[in-house]
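Numbered according to the UniProt record's numbering, the sequence shown spans residues 1 to 435.
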Amino acid sequence: MSAAEKTAAAPSGQRSRKLLACTAEANAYQKAFGIELRRRVVEEGEPFAIVQADTPHEIFHVMDIPIITNQWWSAYISAKQLSNRYFDVMVEKGYPKNSCKYCSLGLACTLANDPSTAPWGGLPTPTVLVARMTCDCIQHVFGQWAQAMGTEFFAMEAPAWEHKDPQWFAKSRGDWENVYDADRIAMMVAEMRDLITLLENRTGRKFDEAKLHHLMERINEQEGYIWEAAQAIGNARPCPVSIAEQMPNTMIPQWHRGSDWAVAHAKKFRDQVMERIASGAGAAANEKIRLMWIGAGVWHDPGFYQALEEKLGAVFVWSMYMPFAGPAYLRDVQGRPMDALASRVCSMNEVLHLPPWMNGWMVSEAERCGIDACVVLLPPDNRLSQSGTKITAAALEAAGVPVLMIDADMVDAKNWDHAKMVGMVDSFLHQRGVA
């Protein structure tokens with residue numbers, strides 16, 4: 001590696017501090033899972049798929065087909081401090097500098113075609129790539145990625161959502177057919193059955209709807225523990241654990257949702273959160289400011305979230321990942337597992353990024369958790385992450401919550417400076433009279 005490449009790969013962030021035993025356990029499990037996944041996919045040549053986060057992972061889990069989630073893979077590459085190098089390769093190959101970073105980092109790694117730097121030496125050819133068409137760039141990224149890997153892209157529709165209820169989150173568990181529109185659910189079910197047919201034909205593995213029903217109930221148990229912990233954290237003073245620990249203890253089980261390990265870990269996390277609340281333990285020694293984080297995690301600098309805990313008593317109490325477990329995942333199956341799953345998938349990105357769903361939920365969550373100020377990640381090249389963010393910021397300001405918007409990216413560390421970003425939050429809190 002050249003001197004310039006070493007400089008580009010130098011870490012720009014800091015590690016986060018861990019207070020919970022289960023946080024280290026979750027990270028260890030995911031590391032072991034990565035090793036096992038590599039064995040199955042790279043060394044043993046098992047069929048596998050590359051999928052977006054808002055696709056029906058449960059189909060693959062039921063069929064025991066390994067999946068690599070694009071967002072997880074991007075975060076993994078970013079944590080390895082490789083994003084700068086791979087995005088430079090994309091530009092060298094004629095792609096625009098303002099490509100959507102989060103969705104295209106995996107494609108960039110494939111195009112770089114450098115086994116010496118790529119995690120796992122790069123990914124082998126998947127059986128299929130799967131994504132919902134939530135924005136214009138998705139079909140280009142996944143279509144060209146599939147072409148580069150010599151495989152097929154299975155696109156799933158993201159039809160317009162006519163039922164615009166800002167209080168969707170209060171009704172999504174039991175009234176999901178009305179909340180998410182019966183026609184949209186039916187379309188998603190039809191597409192999932194087409195995907196199942198493709199997978200059965202390509203892999204020889206069979207789908208069992210009874211197994212899906214069981215998995216959905218296990219997922220309900222898992223998400224119930226996470227939801228219970230999220231409610232307790234919102235009510236607790238001080239906040240027992242910051243989002244630097246909430247994120248891994250929520251998202252790592254989410255990638256394995258419904259498995260025995262994921263259900264058990266969610267319960268363990270809930271129990272350790274409750275123990276800290278009962279003892280009066282806080283993420284910061286002297287909590288004074290409760291912060292909300294809107295956006296995906298800054299995966300290249302997890303220590304950012306804890307940088308002002310001791311100096312200002314400023315704790316990041318809320319991010320979307322943990323409280324999303326309740327309204328987005330919990331479903332009364334009602335003997336219709338495919339339909340219930342479709343209701344979970346068909347609007348996952350919309351409720352996180354588009355008004356009135358995004359702002360309705362997040363303003364409600366800010367009130368529930370007693371938020372004093374909000375920091376919003378506004379990735380300059382990520383269209384979906386910008387769609388409803390400014391409207392949500394305006395809604396929070398109208399509700400009395402000061403908002404700072406940061407122009408930075410969740411996986412591209414090129415324009416990120418830890419000290420500068422922490423100083424920006426510090427100055428904002430003082431200027432708005434929060435600190």
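Using N, Cα and C, we set each Cβ at its ideal position, and we do this for glycine too. Model, not experiment: these values are computed from the prediction.
Would you mind stating whether residue i and residue j have Cβ atoms separated by less than 8 Å?
i, j, result
"residue 376", "residue 393", "yes"
"residue 290", "residue 371", "yes"
"residue 226", "residue 118", "no"
"residue 26", "residue 265", "yes"
"residue 96", "residue 341", "no"
"residue 329", "residue 219", "yes"
"residue 59", "residue 154", "no"
"residue 180", "residue 343", "yes"
"residue 176", "residue 350", "no"
"residue 68", "residue 50", "yes"
"residue 128", "residue 151", "yes"
"residue 284", "residue 313", "yes"
"residue 52", "residue 300", "no"
"residue 306", "residue 262", "no"
Taking the alpha-carbon positions, what's the residue i to residue j distance?
i, j, result
"residue 239", "residue 287", "8 Å"
"residue 18", "residue 245", "7 Å"
"residue 198", "residue 34", "26 Å"
"residue 73", "residue 138", "16 Å"
"residue 29", "residue 433", "42 Å"
"residue 249", "residue 31", "14 Å"
"residue 20", "residue 93", "44 Å"
"residue 216", "residue 258", "7 Å"
"residue 320", "residue 366", "11 Å"
How would you call residue i, buried or exposed, if buried means at least 16 neighbouring beta carbons within 10 angstroms?
i, result
"residue 431", "exposed"
"residue 163", "exposed"
"residue 191", "buried"
"residue 427", "exposed"
"residue 415", "exposed"
"residue 183", "exposed"
"residue 311", "exposed"
"residue 200", "exposed"
"residue 6", "The predicted position of residue 6 is uncertain, since its pLDDT is 37 and thus under 50; no value can be drawn from it."
"residue 169", "buried"
"residue 420", "exposed"
In three-state DSSP terms, what is residue i?
i, result
"residue 439", "Outside the shown range of the chain, which is 1 to 435, sits residue 439, and nothing can be said about it."
"residue 4", "At residue 4, the pLDDT of 35 sits below 50, so the modelled position is not reliable and the matter cannot be decided from this model."
"residue 21", "helix"
"residue 361", "helix"
"residue 53", "coil"
"residue 63", "coil"
"residue 10", "No answer about residue 10 holds up, because its pLDDT of 40 lies below 50 and its placement is not dependable."
"residue 119", "helix"
Check the DSSP bridge columns for residue i and list the partner residues they point to.
i, result
"residue 374", "292, 403"
"residue 132", "156"
"residue 436", "Missing from the structure shown is residue 436; the chain here goes from 1 to 435 and no further."
"residue 77", "Answer is none; residue 77 lacks a bridge partner."
"residue 318", "292"
"residue 68", "50"
Using a Cβ-Cβ distance cut-off of 8 Å, determine whether residue i contacts chain B.
i, result
"residue 325", "As a matter of chain content, chain B is missing from the structure shown, which is built from one protein chain."
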